[in-house]
Amino acid sequence: METWISIDKKLPLPMIRQLYSRIREAILSGRLQSGSRLPSSRDLAKNLQVSRNVVLEAYDLLYAEGFLDARRGAGTYVAEGAAFTCNRASTEPPSVEEVTMGYDCPGDIINFRAGTPNLSLFPKKLWLRLQREALLLPSEEMLAYGHPEGRRELREAICEYVVTQREVICHPEQIVITAGTTQAIGIACHLLLGERRDVILEDPITRDIQLIVKSHGGVLYPVAVDNEGMQTAHLPAALSPAFIYVTPSHQFPIGGTLPIQRRIELLNYAERTGAYLIEDDYDSEFRFDGPPLSSLHGLHPERVVYIGTFSKTLCPAIRIGYMVLPAPLISLGRNRKWQSDLHNEVTSQLTLARFIGEGYYLRHVGKMRKHYLQRRNDVVGALSEKFGAGVEVLGSATGLHLVAGFQDHHFPASVLEGIASAGARFYPVETHAIRFGRHTDKLLIGYGNLSREAIAAGIAVLAEYLKPGT
Numbered sequence: 001m002e003t004w005i006s007i008d009k010k011l012p013l014p015m016i017r018q019l020y021s022r023i024r025e026a027i028l029s030g031r032l033q034s035g036s037r038l039p040s041s042r043d044l045a046k047n048l049q050v051s052r053n054v055v056l057e058a059y060d061l062l063y064a065e066g067f068l069d070a071r072r073g074a075g076t077y078v079a080e081g082a083a084f085t086c087n088r089a090s091t092e093p094p095s096v097e098e099v100t101m102g103y104d105c106p107g108d109i110i111n112f113r114a115g116t117p118n119l120s121l122f123p124k125k126l127w128l129r130l131q132r133e134a135l136l137l138p139s140e141e142m143l144a145y146g147h148p149e150g151r152r153e154l155r156e157a158i159c160e161y162v163v164t165q166r167e168v169i170c171h172p173e174q175i176v177i178t179a180g181t182t183q184a185i186g187i188a189c190h191l192l193l194g195e196r197r198d199v200i201l202e203d204p205i206t207r208d209i210q211l212i213v214k215s216h217g218g219v220l221y222p223v224a225v226d227n228e229g230m231q232t233a234h235l236p237a238a239l240s241p242a243f244i245y246v247t248p249s250h251q252f253p254i255g256g257t258l259p260i261q262r263r264i265e266l267l268n269y270a271e272r273t274g275a276y277l278i279e280d281d282y283d284s285e286f287r288f289d290g291p292p293l294s295s296l297h298g299l300h301p302e303r304v305v306y307i308g309t310f311s312k313t314l315c316p317a318i319r320i321g322y323m324v325l326p327a328p329l330i331s332l333g334r335n336r337k338w339q340s341d342l343h344n345e346v347t348s349q350l351t352l353a354r355f356i357g358e359g360y361y362l363r364h365v366g367k368m369r370k371h372y373l374q375r376r377n378d379v380v381g382a383l384s385e386k387f388g389a390g391v392e393v394l395g396s397a398t399g400l401h402l403v404a405g406f407q408d409h410h411f412p413a414s415v416l417e418g419i420a421s422a423g424a425r426f427y428p429v430e431t432h433a434i435r436f437g438r439h440t441d442k443l444l445i446g447y448g449n450l451s452r453e454a455i456a457a458g459i460a461v462l463a464e465y466l467k468p469g470t
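Position 273, counted from 1, in the sequence shown is what my numbering calls 273; the numbers after and before it change by one each time, with no gaps.
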């Protein structure tokens, strides 16, 4: 049990509740099978270095809810029928600490958090000039309330970009400007979740997506991924999902790119079941090995809701994303955006419209692609140098992160905290799993906002900590 039970005494959540939640989650997910014997309260307390009363009270809560059985003279066991063994995910949400991991990492720790671009290379002077010019436009319209779907100038610029660069088939009226991917997915959930509540997700997939879908009443149905993305052969024949969420360009977190055969199988499945597809075109701009792949949307625009963002290509602070809606959803999507926050801030929209329309955006993306390729190579080289054949690199052809799978190591919270104490923060793929236990040997390594020196130093910290005998 030491590999999955951990208590963080620094958290505001009481230790009793932490222990209860860990054991409950393990039973629901099937990691602790019916009939499995738990450690005695004395042994577990000693192992966790907590008071025995902490363990006793956590066990009492689990007894009260029917998760545990006590057998006189024989110990404590997982009760029969306590595991929730269907393919759907447990409704137990992740802790606040899991969701916010990495946001408050101390500055003296090398932070390998995925998804953060190199902020020092953002073209501040150019952006400020374009922003100033937008503010000085003679029309006062930009100072008034805007349309919920966003400024037409920006929608036209985005439309031209996705049509020419991503082979999306759309016109500006189909585009709704959002405050990033998170809001776009929330709007999509509101539009698509009705009588149908089942949602097919890649497993693993970012915790943010899981939380958004759950918060809108969706029931998660996980389909495992491999090195080529979602394993479409495992799509459930008997299910009629509301929608299927996929990241075909660069699956998060494993990193696979969905091949055409699976894309076609996925589209056929959506057509057969009447489900929509939500295509999150994650990291598509930063493909290193081979030309960028076309969007899924271009194959079947009537069935796909296409989502994009500028958080990775420019910077997260801009908070501008977009969605391309099929015709039946346009009016509903605009109305939902209006209900959410009326509209995005106008000046940033006009600035971004000019940044794209005058060619600066494509040039910036090209520059950043070369930069991230160098950082990708730095990570792969450092892992190879320190671990040799003991590490497998996954998903390195695209994006701002890769996954490292280790032959002889697993990464429970205690190990990750030990590595962080030594100077580097790494993140487990398992954090993003819907069904747990399949990715405990994998680390998610982000490199977008790290220097070459920081990457080398951080991988050295990891290797030193994992060295036998330390």
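The beta-carbon is built from N, C-alpha and C at its ideal position, and this holds for glycine as well.
Within 10 Å of its beta-carbon, does residue i have 16 or more other beta-carbons around it, so buried, or fewer, so exposed?
i	result
R37	exposed
D283	buried
Q339	exposed
A89	For A89, the predicted model reports a pLDDT of 42, less than 50, meaning its position is unreliable and no value from the coordinates is stated.
L11	exposed
T164	exposed
Is it the case that the Cβ atoms of residue i and residue j are separated by a distance below 8 Å?
i	j	result
I205	Y322	no
V304	L296	yes
I244	L277	yes
P248	E279	yes
I110	A413	no
A114	Y427	yes
L314	F122	yes
R132	Q349	no
D203	I434	yes
Whose CA, out of the options, lies closest to the CA of residue i?
i	options	result
F436	D8, A26, I5 and H371	A26
V391	H410, Q374, R375 and L400	H410
P326	R354, Q174, L119 and P117	Q174
L402	R425, G388 and V429	V429
S240	N53, L193, S249 and I307	L193
H371	E385, T398, E80 and V346	T398
G35	L11, L56 and A70	A70
S273	G357, I187, A237 and R334	The displayed chain sequence assigns Thr, not Ser, to residue 273. For T273, the nearest C-alpha among the options comes from A237.
Y145	L342, I212 and S6	L342
V50	E265, L137 and P14	P14
R376	K386, M368 and Y447	Y447
G73	S40, D60 and R52	S40
L116	A457, L444 and V461	First, the residue type needs correcting, since residue 116 is Thr and not Leu in the sequence shown. Per the Cα distances, L444.
I185	N47, F355 and D208	D208
Who are the Cβ neighbours of residue i in its own chain at under 7 Å, not counting the five residues just before and after it?
i	result
P259	E228
L44	V55
V168	V162, S295, H297, G298, Y306 and V324
T309	G180, T181 and G321
P148	R334, K337, W338, L342 and H343
For residue i, I'd like the list of residues in its chain whose CB is within less than 8 Å of its CB, leaving aside the five on either flank, ordered along the chain.
i	result
R197	G217, G218, V219 and A242
F67	I23, R24, I27, V78, A79 and A82
Excluding five sequence neighbours on each side, which residues of the same chain lie with their C-beta closer than 6 Å to the C-beta of residue i?
i	result
R155	P172 and I175
F406	V391 and D441
T76	L38, L68 and A70
R166	S295
R369	F286
A58	I16, L19 and Y20
Y361	F355
So residue i and residue j are supposed to be a Cβ contact under 8 Å. How far apart are they, rounded?
i	j	result
G388	Y465	That pair is no contact at about 17 Å.
W127	T431	In fact, because the Cβ distance is near 33 Å, the residues do not count as touching under 8 Å.
I459	L383	6 Å
L211	N449	Actually they are not in contact, since the Cβ atoms of L211 and N449 sit about 24 Å apart, beyond 8 Å.
L235	I200	7 Å
Taking 7 Å as the line, does the beta carbon of residue i fall inside it for any heavy atom of the ligand PLP?
i	result
E133	The ligand PLP is absent from the structure shown, which contains no ligand whatsoever.
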